[in-house]
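There are 2 protein chains.
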Amino acid sequence: MTEPRQQALAYVQQHEDDFLAALGELIAIPSISTDPQHRKDVRRAAEWLADRLRALGAQQVVLFEEGVHPLVYGELRAEREDAPTVLIYGHYDVQPAEPLEPWHTPPFQLVRHEDRLYGRGVADMKGQVMAALAAVEAVRAAGQPVHFKFLFEGEEEIGSPGVARVLQAHRDAFAASFCLNPDAGMHDRDMPSITYSLRGLAYFELWIHGPAHDLHSGLYGGAIHNPAQALAEILAGMHDEHGRVTLPGFYDLVRPLSPEERRRLAQVPFDEEAFLEQAGAPALWGEPEYSVYERITARPTLEVNGLLSGFTGEGSKTVIPARAMAKISMRLVADQTPEAAAVSLRRYLEQRVPPTVRWELIEMVGAPPAYVDLDAPQVQALAQALQTVWQREPLYVRSGGTIPIVAELQRIGVPSVLTGFALPDANAHGPNENLHLPTWLKGIRALVHFFYNLENEPWK
Amino acid sequence: MTEPRQQALAYVQQHEDDFLAALGELIAIPSISTDPQHRKDVRRAAEWLADRLRALGAQQVVLFEEGVHPLVYGELRAEREDAPTVLIYGHYDVQPAEPLEPWHTPPFQLVRHEDRLYGRGVADMKGQVMAALAAVEAVRAAGQPVHFKFLFEGEEEIGSPGVARVLQAHRDAFAASFCLNPDAGMHDRDMPSITYSLRGLAYFELWIHGPAHDLHSGLYGGAIHNPAQALAEILAGMHDEHGRVTLPGFYDLVRPLSPEERRRLAQVPFDEEAFLEQAGAPALWGEPEYSVYERITARPTLEVNGLLSGFTGEGSKTVIPARAMAKISMRLVADQTPEAAAVSLRRYLEQRVPPTVRWELIEMVGAPPAYVDLDAPQVQALAQALQTVWQREPLYVRSGGTIPIVAELQRIGVPSVLTGFALPDANAHGPNENLHLPTWLKGIRALVHFFYNLENEPWK
Numbered sequence: 171m172t173e174p175r176q177q178a179l180a181y182v183q184q185h186e187d188d189f190l191a192a193l194g195e196l197i198a199i200p201s202i203s204t205d206p207q208h209r210k211d212v213r214r215a216a217e218w219l220a221d222r223l224r225a226l227g228a229q230q231v232v233l234f235e236e237g238v239h240p241l242v243y244g245e246l247r248a249e250r251e252d253a254p255t256v257l258i259y260g261h262y263d264v265q266p267a268e269p270l271e272p273w274h275t276p277p278f279q280l281v282r283h284e285d286r287l288y289g290r291g292v293a294d295m296k297g298q299v300m301a302a303l304a305a306v307e308a309v310r311a312a313g314q315p316v317h318f319k320f321l322f323e324g325e326e327e328i329g330s331p332g333v334a335r336v337l338q339a340h341r342d343a344f345a346a347s348f349c350l351n352p353d354a355g356m357h358d359r360d361m362p363s364i365t366y367s368l369r370g371l372a373y374f375e376l377w378i379h380g381p382a383h384d385l386h387s388g389l390y391g392g393a394i395h396n397p398a399q400a401l402a403e404i405l406a407g408m409h410d411e412h413g414r415v416t417l418p419g420f421y422d423l424v425r426p427l428s429p430e431e432r433r434r435l436a437q438v439p440f441d442e443e444a445f446l447e448q449a450g451a452p453a454l455w456g457e458p459e460y461s462v463y464e465r466i467t468a469r470p471t472l473e474v475n476g477l478l479s480g481f482t483g484e485g486s487k488t489v490i491p492a493r494a495m496a497k498i499s500m501r502l503v504a505d506q507t508p509e510a511a512a513v514s515l516r517r518y519l520e521q522r523v524p525p526t527v528r529w530e531l532i533e534m535v536g537a538p539p540a541y542v543d544l545d546a547p548q549v550q551a552l553a554q555a556l557q558t559v560w561q562r563e564p565l566y567v568r569s570g571g572t573i574p575i576v577a578e579l580q581r582i583g584v585p586s587v588l589t590g591f592a593l594p595d596a597n598a599h600g601p602n603e604n605l606h607l608p609t610w611l612k613g614i615r616a617l618v619h620f621f622y623n624l625e626n627e628p629w630k
Numbered sequence: 171m172t173e174p175r176q177q178a179l180a181y182v183q184q185h186e187d188d189f190l191a192a193l194g195e196l197i198a199i200p201s202i203s204t205d206p207q208h209r210k211d212v213r214r215a216a217e218w219l220a221d222r223l224r225a226l227g228a229q230q231v232v233l234f235e236e237g238v239h240p241l242v243y244g245e246l247r248a249e250r251e252d253a254p255t256v257l258i259y260g261h262y263d264v265q266p267a268e269p270l271e272p273w274h275t276p277p278f279q280l281v282r283h284e285d286r287l288y289g290r291g292v293a294d295m296k297g298q299v300m301a302a303l304a305a306v307e308a309v310r311a312a313g314q315p316v317h318f319k320f321l322f323e324g325e326e327e328i329g330s331p332g333v334a335r336v337l338q339a340h341r342d343a344f345a346a347s348f349c350l351n352p353d354a355g356m357h358d359r360d361m362p363s364i365t366y367s368l369r370g371l372a373y374f375e376l377w378i379h380g381p382a383h384d385l386h387s388g389l390y391g392g393a394i395h396n397p398a399q400a401l402a403e404i405l406a407g408m409h410d411e412h413g414r415v416t417l418p419g420f421y422d423l424v425r426p427l428s429p430e431e432r433r434r435l436a437q438v439p440f441d442e443e444a445f446l447e448q449a450g451a452p453a454l455w456g457e458p459e460y461s462v463y464e465r466i467t468a469r470p471t472l473e474v475n476g477l478l479s480g481f482t483g484e485g486s487k488t489v490i491p492a493r494a495m496a497k498i499s500m501r502l503v504a505d506q507t508p509e510a511a512a513v514s515l516r517r518y519l520e521q522r523v524p525p526t527v528r529w530e531l532i533e534m535v536g537a538p539p540a541y542v543d544l545d546a547p548q549v550q551a552l553a554q555a556l557q558t559v560w561q562r563e564p565l566y567v568r569s570g571g572t573i574p575i576v577a578e579l580q581r582i583g584v585p586s587v588l589t590g591f592a593l594p595d596a597n598a599h600g601p602n603e604n605l606h607l608p609t610w611l612k613g614i615r616a617l618v619h620f621f622y623n624l625e626n627e628p629w630k
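Chain order of the listed sequences is S and A.
Residue numbering for the first sequence is 171 to 630, as defined by our numbering.
Residue numbering for the second sequence is 171 to 630, as defined by our numbering.
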């Protein structure tokens, strides 16, 4: 008798058509989360997934309703009680299909043409959800090596407004060894990748108050500190001339990049010229001792997102504004926290704001950075699985953005490891969204390997 | 036979009632320039003044119509052809009388109660116009020592929108040795004053451009210079830590304050505590080597009047703004010019703006500073006149604001000397606006002396 892994891989090969048929059913549901007219379709997709989980044998399937659209939760226990728990994340909502003219096929119908599958959501990310469920089905048929939990949200394309509420309300339900999030794409069909880090966020509104009311600059100018100028002075001091953030203690919690990690990051294809061209800025900028890719993914930043003070209309008004406001945000990296970032900023303001004005800091949203060590068992297991299938070491990728679900899971102690099987030309969010079928099938096989590899990793 | 000066002073004494009756006629015309319903009243006041000038024997009386309301021009030549020409400025428009409840008398009726005259405009500035015309009438009856020109505008209370157009269009008509502007008040009934300097203005809009469009701070943050931050850095560098402006050459044209001038400025009553309280700011600020009064009147300044960039609404948006804007104005002192100030700013920007962003400077309004040397003949003549009547040296006052008519006259080569006979409790713009009758009569006598004193001054 062959070992379960081989049985599961054989199961995948035998059931390709079934997997495609299932994907076709899900693609046919126009679960456009941003469009109130498709509210019922979004729910239909949630229920379709819930049914699918029940069909797989899930003991518990729940639709959590705290958000705008249902969040599907389910659980599939392995026989071995002490196996690790993999929380599989996905979102079943999609972007609108408009504009429709450029589509060569009906967006809400799965169409195969040569080695591509077409349809809204095949890449982002119904195809990824179904790859994960296909792998789960296969390993379940052959012998389930790990516990599975499922978290399928219907709000990703609208910024996950309800996810924090659901996760806080049902914290225990989502407890897991880690989360597998297959919503990250690939750089190339030959370059499987693992995203092991995302930046966090801390967002503030800073107010500088001066006079009790706007003043006439002719009568007061020269003897009253102008709050707009004071704000500029305070903001200007937040970076040194090399683009480093000067807030006291800002970098204290930053986990240094090891030479090994830098070596791996250097392997991630990154075209600095194309980056600059996309930005349309006159030049690159930032910490000179880091590559551009490192600056935007592995280094924390401080940005001024908005400025408002005094007179901003047409023409001229000679006013000394009573106050000035800046929206300020920081992208955070491990092991920074929004709380520590706020302390840094307050310390800076305490030291720096002169007695000629007063300051007020409003702490707005915060999200912790997400990070998984490259030698963590789930990273090792996934890397090995991708290598087995693709016959090459995967890329180890850091992303500079902040994904709400990843941050919220991090907050409740569940680290995420991200991968995915959509190619750069997948046209996610655009017309003719597509999935490269051979890559997708490789992905399913890789996930089968991944689940079995996890069994062998030393879990605490 | 007594000399003309004594005859004129006697004329004033004999015609007090006539002067009051004339003032009463002008006060009765509700020439509220801001209220379209009073448009005809404003014109009526202009025509009343034109008639008055004709009655005085003015050879030329014209209503210039380039502005919103008529500007009354007139000329009264002296016999001696080589006498200096005094351009007498006044505005015949007034503020609305509302709110009416606090008035103890009908606002558009001249009422005498004890030693005060009440009515809208008695202080600001119909009473001052009529004081000047009374003095002109008296010296004309006794022997006119100087040429007179008259410039009575009807737009002062709405910011003199048409004055520049009229002055540019009829530049030659307004040629004069200097302008007497009796729209400045007194610090106290025992403190006659001469305002010999006003600050000018240069107004700019500075744009800092970075990326071609707003960028996602998660994807670009750390490697693109944020224009809002760059703007803050550029603005912050415009002052040193002592509040001095750092633009190259900014102070080059500033006429230094002589010890004598500083001594005189120190005599002007100025309550720093009351100033700070009115501002409502936490502390005073500015160049430490200058008094607060000097800072706001005799020193040039640079103010940020407005800031706008990126996201300024409720909540948070993690954007790197494509651009950032600041409204910047400078108050200028002699012998700075708006043109030189713009050159200073451009030089600073050329030196300071890094290659990671681009800048654009829009030059908006400009007004030259106004300044008359204290030893100029008109200042000497006026000082002597005030001293003769009040038996004390007048205060020599600098004002920090910019008065459009003064700046426009300065631009066509006519310096202004400002005085006036309204007291601090005159309630200009408020209810129960009033004029202290004995001070007003002293003012008329002082102007008589002034005109005769001018005859003796050595004019170039």
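Idealized CB from N, CA, C, for every residue including glycine.
As the structure is a computational prediction, the values presented were derived from the model and not from experiment.
- Which of helix, strand or coil DSSP assigns to Tyr273(S): The question names Tyr, but residue 273(S) in the sequence shown is Trp. Trp273(S) falls in the coil class under three-state DSSP.
- Message: Let's see if you can read the secondary structure: which residues bound the alpha helix (DSSP H) around Thr471(A)?
- Response: No alpha helix (DSSP H) contains Thr471(A), which is instead part of the beta strand (DSSP E) from 471-480.
- Message: In chain order, what are the residue ranges of uninterrupted beta strand (DSSP E) at least 3 long that sit wholly in the stretch 538-614 of chain A?
- Response: Secondary structure in the stretch 538-614 of chain A: the beta strand (DSSP E) runs of 3 residues or longer, each lying completely within the stretch, are 565-569, 586-588, 604-606 in chain order.
- Item | Within chain S, the residues that Leu389(A) reaches when beta carbons sit closer than 8 Å | Ile466, Gly570, Gly571
- Query: With 16 as the cutoff for other CB atoms within 10 Å, does Ala345(A) come out buried or exposed?
  - Reply: exposed
- Query: So which residues of chain A does Pro452(S) contact, with C-beta pairs closer than 7 Å?
  - Reply: Per Cβ cutoff of 7 Å: Pro525, Thr526, Val527, Arg528.
- Just to confirm, are Met500(S) and Glu375(S) a CB contact at a threshold of 8 Å? no
- Message: Out of Leu257(A), Glu251(A), Arg224(A), which one is the CA nearest neighbour of Ile582(A)?
- Response: Leu257(A)
- Query: Could you check where the beta strand (DSSP E) with Ser428(S) kicks off and where it finishes?
  - Reply: Here Ser428(S) belongs to no beta strand (DSSP E), and DSSP marks it neither H nor E.
- Same chain, Cβ closer than 8 Å to Arg310(A), neighbours up to 5 away in sequence not counted: Once the five neighbours on either side are set aside, the close Cβ partners of Arg310(A) are Leu226, Gly227, Leu246.
- Query: What runs of the beta strand (DSSP E), each 3 residues or longer, lie entirely inside the stretch 365-444 of chain A?
  - Reply: 370-379
- Relative to the alpha-carbon of Cys349(A), which residue among Ala577(A), Gly480(A), Leu611(A) has its alpha-carbon at the smallest distance? Ala577(A)
- Item | Closer than 8 Å to chain A by CB, Leu515(S) | No - not a single Cβ of chain A is within 8 Å of the one on Leu515(S).
- CB contact below 8 Å: Leu371(S) versus chain A: Interface annotation, Leu371(S): in contact with chain A, CB-CB separation under 8 Å.
- Listed by chain order, chain S residues near Asn396(A) by CB distance under 7 Å: Glu473, Val474
- Message: Which residues in chain A have a C-beta closer than 7 Å to the C-beta of Val535(S)? List them in chain order.
- Response: Ser486
- Do the CB positions of Ala551(S) and Glu627(S) come within less than 8 Å of each other? yes
- To the nearest whole angstrom, what separates the beta carbons of Gly536(A) and Ala372(A), a pair I think is in contact under 8 Å? 5 Å
- Item | Coarse secondary structure for Val212(S), derived from DSSP in three states | helix
- List the DSSP bridge partners of Lys497(A). Glu375(A), Gly476(A)
- Query: Is the CB-CB distance between Glu625(S) and Ala305(S) below 8 Å?
  - Reply: no
- Item | Residue nearest to Val231(A) in terms of C-alpha spacing, selected from Arg222(A), Pro564(A), Tyr243(A) | The shortest CA-to-CA distance from Val231(A) to any of Arg222(A), Pro564(A), Tyr243(A) is the one to Tyr243(A).
- Message: Considering only the alpha carbon of each residue, which of Glu323(A), Val333(A), Pro266(A) lies closest to Ala598(A)?
- Response: Pro266(A)
- Query: Could one say the Cβ of Leu423(S) lies closer than 8 Å to chain A's Cβ atoms, at least one of them?
  - Reply: no
- Item | Beta-carbon neighbours of Val462(A), restricted to chain S and to distances below 7 Å | Val462(A) reaches chain S at Ala393, counting residues in chain order whose Cβ is nearer than 7 Å.
- Return no unless some Cβ of chain S is closer than 8 Å to the Cβ of Val489(A). For Val489(A), the answer is yes, since a Cβ of chain S falls inside 8 Å of its Cβ.
- Query: Beta-carbon of His357(S) versus every beta-carbon of chain A: anything under 8 Å?
  - Reply: no
- Cross-chain neighbours of Ala494(S) in chain A, by beta carbon under 7 Å: Correct list: Leu477.
- Task: Let me know the beta strand (DSSP E) ranges lying completely inside the stretch 245-314 of chain S, each 3 residues or longer, listed in chain order.
- Result: 255-261, 281-283, 286-288
- Query: Looking at C-beta atoms only, is the number of pairs between the stretch 555-572 of chain S and the stretch 456-472 of chain S that lie closer than 8 Å three or more?
  - Reply: yes
- Task: Could you check what DSSP says for Tyr622(A) in three-state terms: helix, strand or coil?
- Result: helix
- Message: Any beta carbon of chain S sitting closer than 8 Å to that of Gln399(A)?
- Response: Residue-level contact check: Gln399(A) touches chain S, since one or more beta carbons of chain S fall below 8 Å from its beta carbon.
- Excluding the five sequence neighbours on either side, which residues of its own chain have a C-beta within less than 6 Å of the C-beta of Glu442(S), listed in chain order? Val462
- Since Phe234(S) contacts His340(S) with CB under 8 Å, what's their CB separation in whole angstroms? 6 Å
- Go ahead and label Ile532(A) buried or exposed: buried means 16 or more other beta carbons lie within 10 angstroms of its beta carbon, across all protein chains shown. exposed
- Quick one: what's Val232(A) bridged to in DSSP? Val232(A) pairs with Tyr243(A).
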